[in-house]
Amino acid sequence: MLRADAVRKSFGANEVLKGISLEIAAGEVVCLIGASGSGKSTFLRCLNLLEQVDDGDIWLDDREITDPRADADAVRREIGIVFQAYNLFPHLSVEQNIMLGPVKAGGQTRDAARGLAHELLGRIGLAEKAGAYPDALSGGQQQRVALVRAIAMQPRILLLDEITSALDPMLVGEVLDVIRDLRRDGMTIVMATHEMSFAQEVADRIVFMADGLVEESGPPEQLFTAPRSPRTAEFLARHRT
Ligand SMILES: Nc1ncnc2c1ncn2[C@@H]1O[C@H](COP(=O)(O)OP(=O)(O)O)[C@@H](O)[C@H]1O
Ligand SMILES: [Mg+2]
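Read left to right, the sequence shown gives residues 31 to 271 (this note's numbering).
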């Protein structure tokens with residue numbers, strides 16, 4: 031469904047992605063792991079065109095989305111992204127946050143968008159928060175709303191960038207539960223995470239990035255228990271939970 035081919039990206043003299051190739055199939059959950067600075071966020075940002083690649087290309091089905099003529103807004107409706115923090119607009123209520131995309135970019139009526147917002151909030155147990163403002167929510171609730179806001183656009187692929195890493199450990203579980211539900215519903219997900227046990231549980235495939243390259247990738251059973259690369263083994267030894 032999504033394919034990156036030899037993607038390179040530099041910031042000034044700092045080459046952050048040195049030729050990343052990765053294919054993601056429909057319904058697959060892929061977890062990106064790797065040390066801070068290894069390029070996970072930059073890669074995810076390239077996948078939904080928040081960063082422009084320097085070289086290589088990215089394909090969504092049979093469309094090259096890195097083609098300069100590609101419609102970036104259309105691509106971003108198909109490839110949603112949720113970040114570590116600051117996902118919600120503070121001056122909009124929860125309901126308004128969720129409605130914004132479907133109304134402004136999805137061409138939905140306000141009534142239809144509001145109905146969808148309430149349905150999605152009900153699914154994550156936050157129906158009563160529809161009128162609340164983000165600062166009245168816990169970090170975990172905010173991230174659940176951020177996930178729902180991304181889902182409201184009915185993306186084909188969801189990119190998640192360390193969405194639990196700014197949370198109080200007590201609140202991580204409720205966000206991971208929403209990801210489990212999305213997986214069960216068949217959503218295609220690419221997530222950068224340092225939650226190793228969660229990655230082991232939900233991922234179809236783990237991709238270990240080091241120095242802007244894919245050092246090793248494989249099913250969690252293999253990668254976590256019998257890594258082929260000494261570098262992977264060393265990373266896992268330091269980050270085992
Ligand atoms: N907008 C930017 N401008 C300059 N350097 C950046 C920018 N974004 C990321 N970098 C650099 O790219 C490298 C990789 O960062 P990042 O993709 O955030 O890694 P990770 O998410 O794996 O921690 C880091 O050295 C970081 O400083
Ligand atoms: Mg990052």
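Even for Gly, the Cβ is constructed at its ideal location relative to N, Cα and C.
Could you tell me the alpha carbon to alpha carbon distance between D103 and F265, rounded to whole angstroms?
37 angstroms
Could you give the uninterrupted runs of the alpha helix (DSSP H) lying entirely in the stretch 85-146, keeping only those of 4 residues or more?
102-108 and 124-134
With a threshold of 7 angstroms on Cβ separation, who are the neighbours of G216 within its own chain once the five nearest residues in sequence on each side are excluded?
G57
What does F265 pair with, by DSSP beta-bridge criteria?
DSSP lists no partner for F265.
Rounded C-beta distance between L201 and S168? I'm assuming under 8 angstroms.
6 angstroms
Rounded separation between V237 and V60 - CA only:
7 angstroms
Check E45 in the structure and name its three-state DSSP category.
strand
Going by the C-beta, is A180 closer than 7 angstroms to any heavy atom of ligand 1?
no
Element boundaries [alpha helix (DSSP H), containing A162]
Counting along the chain, A162 falls outside any alpha helix (DSSP H), and DSSP gives it neither H nor E.
Which one of D97, P132 and R99 has the shortest CA to CA distance from R107?
P132
Unbroken alpha helix (DSSP H) run spanning R174, endpoints:
G169 to A182
One or two residues paired with K39 in a DSSP bridge:
L47
Are A196 and A115 touching if we call contact CB-CB under 8 angstroms?
yes
Let me know the secondary structure DSSP gives E204 once reduced to three states.
helix
Quick check: the stretch 219-233 against the stretch 246-257, are at least 3 beta-carbon pairs closer than 8 angstroms?
yes
Where V112 and I95 are concerned, what is the direct C-alpha to C-alpha distance, given to the nearest angstrom?
20 angstroms
Can the beta-carbon of S40 be found less than 8 angstroms from the beta-carbon of D84?
yes
So what's G152 in DSSP terms, helix, strand or just coil?
helix
Three-state secondary structure (DSSP) of A55:
coil
Between the C-alpha atoms of L188 and P120, what's the straight-line distance to the nearest angstrom?
23 angstroms
Nearest to D87 by CA position, among E225, R268, D97 and L80, is which residue?
D97
So L32 and L77 are in contact, right, with Cβ under 8 angstroms, and what is the actual spacing, rounded?
7 angstroms
For A233, does the three-state DSSP call read helix, strand or coil?
coil
Out of M226, D241 and S247, which has the shortest C-alpha to C-alpha gap to A267?
M226
Span of the beta strand (DSSP E), counted from its first residue to its last, around E192:
Run containing E192: none; DSSP gives neither H nor E here.
Tell me which residues pass a beta-carbon proximity test against ligand 1: closer than 5 angstroms to any heavy atom, given in chain order.
F41, V46, S66, G67, S68, G69, K70, S71 and T72
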